[in-house]
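Undergrad: Residue numbers (the numbering used here), protein chains in the order written: chain A, 229 to 737; chain B, 989 to 1182. Glycine included, each C-beta is placed from N, C-alpha and C at the ideal position. Starting off with a structure, shown below.
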């Protein structure tokens, strides 16, 4: 078999080759230098304490084609996470949790060229609280809609905290402070009171306890939320956890495992909560973070405004994965497990423009009560705060701070937040929230009988002024249970916890 | 042999009698879709509070919330948040937002920049009984009016749930109210987008 090259002498072939060589040049701007990172400068700002100090970075680049996007990643204990992706080459990041962090910047241009700066030096951030921190223990907030021995619960909690070595403020001093500032609401901390607590009492953190359920009749039920708030000009939720126990949780053989004493149940609940807080202080708290994938530019819409009429908006998107760090560590409610289909929302909507990997500040406003028991809206809102707090890219505002803003601006939202209300909550000089979470509670049954919950959640993007999430969740404790109560969720607390966990995971995935 | 033939004949007659029965259908819910309306132009809607004719006071709020979420979840139309709709109702000064007038509907265009408003009537919501059997039932009708002229461009209704044969035979109590609600809203959304 012979191969002929005679066709190369054909003038048509030469013409074709010339056209093809010209076509090869299409799309490449002549003289565009390649994308290069000249320098990445990183420096610590403020004290090297988590939530207080910041890590500043500036990246200088040259060349590249069209829009250049900077993606900042942090590495902690070998796990990489996405922090920021935008067109600005400088910024700062405040670590939410203690640890040793390194930064890296990945730059992408419109031609898809990806340049990596490599990892920076390691920066250490210590926890906000330590063994010498002084805490104030506020009286228990009763959301149970029943008469409960609040003073007894407070006393037991105080004794447990002391036995574990926590430094607590003298109750007489706290009482004087509360009388002086007419502090009646014990379910949250306003900016003013938080600052005064730090200045006048030298308190570093505040324990806020909310009693969700208290039932002494057999089977007894106890559900509690405890959160720790930092004091100062910007009170922040440092840790939050909750637990819901019933006497019927583990009846065992012939019902020998049943608990009939509510005090014993309370004691178990407090132990679980304090174990969880100590686990947090030791840096073993479960946390969700976004990781993995390669960045790429993606056209996400069009903006009117250029001379031509339309300009393509290009944003970086990455196929990230949601990773649960410290998955083996137990929260007060146990080890985090995969959500069951029966606890997923009936329907949900997430705006296509929403990027779950970005950093957001979130304000959760109390949910509206529709024909349910008193405080059901506050309880579901606390559940949502607890679930959102577990995500590294979300910073949830202290509910007391949100309450103070709502009261100051006399915002009564009988049908949820309007655009005007969201403008106030997202205003830079007011609360500066990126996302506003609200909702309605249609059913909450937990004190007696079969647990049942029905609620809807709506999330509003303040900057875009539009709804980015809507869902409706409904479940009963015995739903999908067929044999020997396997899989039954006896407490409404446990049910709502699983349902809100499923909603937040869908939002962030 | 003769007996076999007559038996076959009986079967044929029986089958012929059954045929017309198979043609019997439940009458479809009457719906209306304006032929002049370009529904692709409807980008944003406001869902007004539903007129609640059921004995449950909160049924209208429950069904409206589910409808708004499910309409939003179709990703075809943006639904204004309920708080913003409430603000619009106050600004327009509507006394009965469940049954708005044409003037009130057109005012929504200027105030909230919505292309259409959706109103609804909740006719039935809750358990129905027949003898010893009981089941949940929901009956809802919806109307869409465009805000340029205030005229109705779409109207449909749906009834779901109720006592089925299995409820009568086994006494299961029917589906949960939330499932019936979602079924009815899905039916209405199918009618809207078909």
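#1: What does residue 196 of chain A touch in chain B if you count any residue whose Cβ is under 9 Å from its own?
#2: Would residue 1104 of chain B pass as an interface residue toward chain A - the criterion being a Cβ-Cβ separation below 7 Å?
#3: Exposed or buried, which one is residue 1115 of chain B when buried takes at least 16 other CB atoms within 10 Å?
#4: Tell me whether residue 517 of chain A counts as near the ligand ADP, meaning its Cβ is closer than 6 Å to at least one heavy atom of that ligand.
#5: Assuming residue 1169 of chain B and residue 1054 of chain B are in contact, meaning their beta carbons sit under 8 Å apart, how far apart are those beta carbons, in whole angstroms?
#6: So for residue 518 of chain A, helix, strand or coil by DSSP?
#7: Which residues in the same chain as residue 1032 of chain B place their Cβ atom closer than 6 Å to its Cβ, once the five residues preceding and following it in sequence are excluded?
#8: Cα separation between residue 1096 of chain B and residue 454 of chain A?
#9: If we cut at 7 Å on Cβ distances, does residue 1071 of chain B have a partner in chain A?
#10: Return helix, strand or coil for residue 540 of chain A, following the three-state DSSP convention.
#11: What residue range does the beta strand (DSSP E) around residue 571 of chain A cover?
#12: Enumerate in chain order the residues of its own chain whose CB-to-CB distance from residue 649 of chain A is below 7 Å, with the five nearest sequence positions on each side excluded.
#13: Put residue 1004 of chain B into one of helix, strand or coil per three-state DSSP.
#14: Any beta carbon from chain B within less than 7 Å of residue 572 of chain A's own beta carbon?
#15: Buried or exposed: which applies to residue 369 of chain A, given that a residue is buried once 16 or more other Cβ atoms fall within 10 Å of its Cβ?
#16: Nearest CA to the CA of residue 412 of chain A: which residue from A:367, A:463 and A:386?
#17: Which one or two residues does DSSP pair with residue 664 of chain A in a beta bridge?
#18: Determine, for residue 602 of chain A, whether the minimum Cβ-Cβ distance to residues of chain B falls below 7 Å.
#19: Short of 7 Å in beta carbon distance, which residues of its chain neighbour residue 393 of chain A, apart from the five on each side in sequence? Order them along the chain.
#20: Could you have a look at residue 715 of chain A and say whether DSSP puts it in helix, strand or coil?
#21: Using 10 angstroms around the beta-carbon of residue 288 of chain A, count the other beta-carbons present and answer buried if the total reaches 16, otherwise exposed.
#22: With distances taken from CA atoms, which of B:1036, B:1035 and B:1051 is nearest residue 1127 of chain B?
#23: Taking the beta strand (DSSP E) that residue 701 of chain A falls in, what are its first and last residues?
#24: Within 7 Å of any Cβ in chain A, is that where the Cβ of residue 1035 of chain B sits?
#25: What residues are listed by DSSP as bridge partners for residue 284 of chain A?
#26: State the start and end residues of the unbroken beta strand (DSSP E) segment that holds residue 1124 of chain B.
#27: Answer yes if the segment 454-465 of chain A comes into contact with the segment 718-730 of chain A, meaning at least three C-beta pairs across the two stretches below 8 Å, and no otherwise.
#28: Could you check how far apart the C-beta atoms of residue 311 of chain A and residue 587 of chain A are, in whole angstroms? I think they sit under 8 Å.
#29: Within the 7 Å Cβ cut-off, does residue 527 of chain A reach chain B?
#30: Buried or exposed for residue 410 of chain A, going by 16 or more other Cβ atoms inside 10 Å?
#31: Going by alpha carbons, who is nearest to residue 276 of chain A out of A:314, A:260 and A:324?
#32: Leaving out the 5 sequence neighbours to the left and right, which residues in its chain are closer than 8 Å to residue 273 of chain A when beta-carbon positions are compared?
TA: On the basis of the coordinates in this document:
#1: With chain A covering 229 to 737 only, the question about residue 196 of chain A has no answer from this structure.
#2: Answer no: the Cβ-Cβ gap between residue 1104 of chain B and chain A never drops below 7 Å.
#3: exposed
#4: With respect to the ligand ADP, the structure shown offers nothing to examine, as it has no ligands at all.
#5: 5 Å
#6: It is a strand residue.
#7: Here the set comprises 1066, 1102 and 1103.
#8: 45 Å
#9: yes
#10: For residue 540 of chain A, the predicted structure reports a pLDDT of 43, less than 50, and the residue's modelled location is therefore unreliable. A value from the coordinates is still provided. Of the three classes helix, strand and coil, the one that applies to residue 540 of chain A here is strand, per DSSP.
#11: Residue 571 of chain A -> no beta strand (DSSP E), and no H or E assigned at all.
#12: 639 and 641
#13: helix
#14: no
#15: buried
#16: A:367
#17: A:591 and A:688
#18: It does not; no Cβ of chain B falls within 7 Å.
#19: 359
#20: Coil.
#21: exposed
#22: Taking residue 1127 of chain B as reference, the option from B:1036, B:1035 and B:1051 with the minimal CA-CA separation is B:1051.
#23: 694-704
#24: no
#25: A:271 and A:320
#26: 1121-1134 is the span of the beta strand (DSSP E), which, as asked, contains residue 1124 of chain B.
#27: no
#28: 7 Å
#29: Legend: pLDDT at residue 527 of chain A = 47, less than 50; position of this residue unreliable, value from coordinates given subsequently. Interface flag for residue 527 of chain A against chain B is unset, since no Cβ pair is found closer than 7 Å.
#30: With fewer than 16 other Cβ atoms from the protein chains shown falling within 10 Å of its own Cβ, residue 410 of chain A counts as exposed.
#31: A:324
#32: So the qualifying residues of the chain are 281, 282, 283, 284 and 320.
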